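A short write-up of the structure that comes next.
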Amino acid sequence: MCSRVRARWGVAALGCTGLLCAVLGAVMIVTLPSIVKQQVYKNVRIDPSSLSFGMWKEIPVPFYLSIYFFDVINPKEILQGKKPEVQERGPYVYREFRHKSNITFNGNDTVSFLEYRSFQFQPDRSSGSESDYIVMPNILVLGASVMMEKKPMALKLLMTLAFSTLGERAFMNRTVADIMWGYEDPLVNVINKYFPSMFPVKGKFGLFAGLNNSDSGLFTVFTGVKDFSRVHLVDKWNGLSKVNFWHSDQCNMINGTSGQMWAPFMTPESSLEFYSPEACRSMKLIYQEEGMFEGIPTFRFKAPSTLFASGADYPPNEGFCPCLKSGIQNISTCRFNAPLFLSHPHFYNADPVLADAVLGLHPNETEHSLFLDIHPLTGIPMNCSVKLQLSLYIKSIKGIGQTAQIEPVVLPLLWFEERGAMEGETLHTFYIQLVLLPKVLHYAQYVLLALGCVLLFISVVYQIRSQVGGGRSKAHCLPAGAKRS
């Protein structure tokens with residue numbers, strides 16, 4: 001009798017356990033997605049209490065800037081009207097350090113900040129030293145010459161005299177450090193004295209002189225605390241809601257984020273928009289494919305072929321023109337009116353005429369396309385590689401002898417890659433909290449539901465068999481003399 005009671009209690013306990021597991025599993029299936037969503041909302045917004053705030057303030061990802069120079073092999077022949085020939089040199093690699101300062105939370109759900117960058121040369125990652133010499137177009141001479149093309153002949157002759165007096169030539173042989181961070185050139189002082197509106201540059205002249213130990217402008221972005229739909233979107237840059245570099249309202253718009261984080265819960269229909277102070281414009285990347293980075297699911301976004309397309313090929317870009325050819329963007333309006341152009345390296349995705357005009361260029365997607373790998377649940381970049389090229393438009397200008405017989409050509413100066421990937425303890429923590437734990441909970445909810453159903457089934461079957469078995473026992477144990485019905 002006691003064993004039968006114990007068995008019944010055991011079956012009841014088994015049934016209760018099964019019911020509890022089934023209910024818990026069902027509740028998790030219903031509520032877990034909402035809980036995860038709320039946690040993501042809470043922790044990706046720009047708020048000192050959010051888990052991602054420290055990552056946003058001090059980016060823990062090591063960034064590297066790799067520079068590839070186009071060493072001009074035949075400068076004398078170019079002056080005689082021959083086709084330029086270049087040789088790619090590099091990479092010259094710099095570790096890039098970023099930190100935000102002057103962080104100010106405003107009353108309209110925005111935060112303002114300055115982000116400073118500094119660079120340190122990395123000899124062990126580089127194919128050469130900063131003391132290497134590179135033959136390049138003299139931007140001050142050839143750039144100023146193109147800018148003077150429509151000026152009175154007297155001014156052009158004066159410019160020629162200034163070039164000759166100072167010993168300036170069309171091409172220069174400078175060290176990597178000089179080209180990057182600046183060199184003293186008396187021509188800068190002459191231009192500032194006689195043509196003050198031409199080059200607002202003081203002191204040393206270098207292609208990256210204005211980037212080292214400096215900020216990229218005052219960004220004001222939405223925090224997402226009050227209105228999550230606008231999280232990370234740029235409200236203003238340097239106090240402007242739109243820039244005035246270009247010739248259409250659409251091209252002057254400041255769209256997207258500051259380029260570091262995006263809104264979570266991405267789909268293949270999502271795109272990445274961001275404002276780039278260096279390019280003086282907003283850019284938009286499109287979804288390419290799903291992938292994995294160190295076990296973390298990602299969406300890869302790439303630049304569309306229309307990013308630097310001419311207005312003739314892609315009408316929305318008409319505001320960035322005048323355009324020489326499709327695939328390069330004229331950035332003269334935001335770079336002192338110097339005839340500088342931005343494109344993909346080696347004129348990848350550009351009109352083939354551009355690469356054919358310069359010997360030594362070999363555009364291909366593998367080496368020269370840019371991409372960003374984003375964790376779609378949080379909108380946080382895992383791995384990125386941004387590659388862009390800077391070129392100078394040069395030509396012979398009547399009245400300026402230094403330009404000789406140069407045929408019109410867009411001559412590449414250099415291309416660079418900014419690369420960063422999450423690694424180390426940051427990557428491990430990200431994987432545990434945002435990949436492994438959600439995956440465990442995802443499977444646990446179904447395991448609990450299945451286990452609960454199995455336990456309930458076992459307890460019900462046992463109960464039925466016990467009742468059937470009990471009835472038979474009573475039938476076999478009738479009192480002596482009793483008749484069976």
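First residue of the sequence shown: 1, per UniProt numbering; consecutive thereafter.
Even for Gly, the Cβ is constructed at its ideal location relative to N, Cα and C.
This one's a predicted model, so the numbers in the text were calculated from it and none came from an experiment.
What span of residues does the alpha helix (DSSP H) with residue i cover, start to end?
i           : result
residue 155 : 153 to 166
residue 187 : 186 to 194
residue 289 : Run containing residue 289: none in the alpha helix (DSSP H); it sits in the beta strand (DSSP E), 281 to 293.
residue 431 : 424 to 431
residue 248 : Residue 248 -> no alpha helix (DSSP H), and no H or E assigned at all.
residue 382 : From DSSP, residue 382 is part of no alpha helix (DSSP H) but of the beta strand (DSSP E) over 380 to 394.
residue 145 : 144 to 147
Which class does residue i belong to by DSSP, given the choice of helix, strand or coil?
i           : result
residue 358 : coil
residue 370 : coil
residue 51  : coil
residue 125 : helix
residue 298 : strand
residue 308 : coil
residue 19  : helix
residue 215 : strand
residue 405 : coil
residue 485 : Only weak support exists for where residue 485 lies, its pLDDT of 47 falling under 50; the value from the coordinates is given anyway. Residue 485: coil per DSSP, three-state reduction.
residue 80  : coil
residue 465 : helix
residue 314 : coil
residue 436 : helix
residue 499 : Nothing can be reported for residue 499, as the shown portion of the chain is limited to 1 through 485.
residue 241 : coil
residue 452 : helix
Using a threshold of 8 Å, state whether the C-beta atoms of residue i and residue j are closer than that.
i           : j           : result
residue 234 : residue 257 : yes
residue 205 : residue 140 : yes
residue 67  : residue 449 : no
residue 382 : residue 296 : yes
residue 403 : residue 145 : yes
residue 411 : residue 394 : yes
residue 387 : residue 417 : yes
residue 419 : residue 385 : yes
residue 254 : residue 282 : yes
residue 327 : residue 301 : no
residue 239 : residue 232 : no
residue 406 : residue 78  : yes
residue 96  : residue 116 : no
residue 219 : residue 180 : no
residue 271 : residue 343 : no
residue 337 : residue 147 : yes
residue 345 : residue 262 : no
residue 446 : residue 18  : no
residue 40  : residue 377 : yes
residue 351 : residue 325 : yes
For the beta strand (DSSP E) that contains residue i, what are its first and last residues?
i           : result
residue 134 : 133 to 137
residue 91  : 86 to 105
residue 66  : 63 to 72
residue 234 : 234 to 237
residue 276 : 271 to 276
Do you know whose CA, among the options, lies nearest residue i's CA?
i           : options            : result
residue 34  : 465, 401, 442      : 442
residue 167 : 422, 401, 416, 59  : 401
residue 109 : 189, 46, 350       : 46
residue 127 : 14, 69, 457        : 69
residue 264 : 312, 388, 299      : 299
residue 250 : 318, 274, 326      : 318
residue 153 : 399, 226, 409      : 399
residue 309 : 465, 290, 341      : 341
residue 114 : 105, 101, 121, 120 : 101
residue 293 : 306, 312, 55, 372  : 372
residue 216 : 277, 170, 63       : 277
residue 221 : 422, 103, 291      : 103
residue 133 : 454, 375, 175      : 175
residue 16  : 414, 451, 370      : 451
residue 315 : 56, 24, 248        : 248
To which residues does DSSP link residue i through a beta bridge?
i           : result
residue 14  : DSSP output for residue 14 lists no bridge partner at all.
residue 260 : The partner list for residue 260 (beta bridge, DSSP) is empty, contrary to what the question assumes.
residue 37  : Answer is none; residue 37 lacks a bridge partner.
residue 459 : Looking at the DSSP assignment, residue 459 forms no beta bridge with any residue, so it has no partner.
residue 175 : 133
residue 328 : 343
residue 58  : In DSSP, residue 58 forms no bridge with anything.
residue 412 : 391
residue 336 : Paired residues: none, contrary to the question.
residue 442 : Beta-bridge pairing links residue 442 to no other residue.
residue 220 : 112, 236
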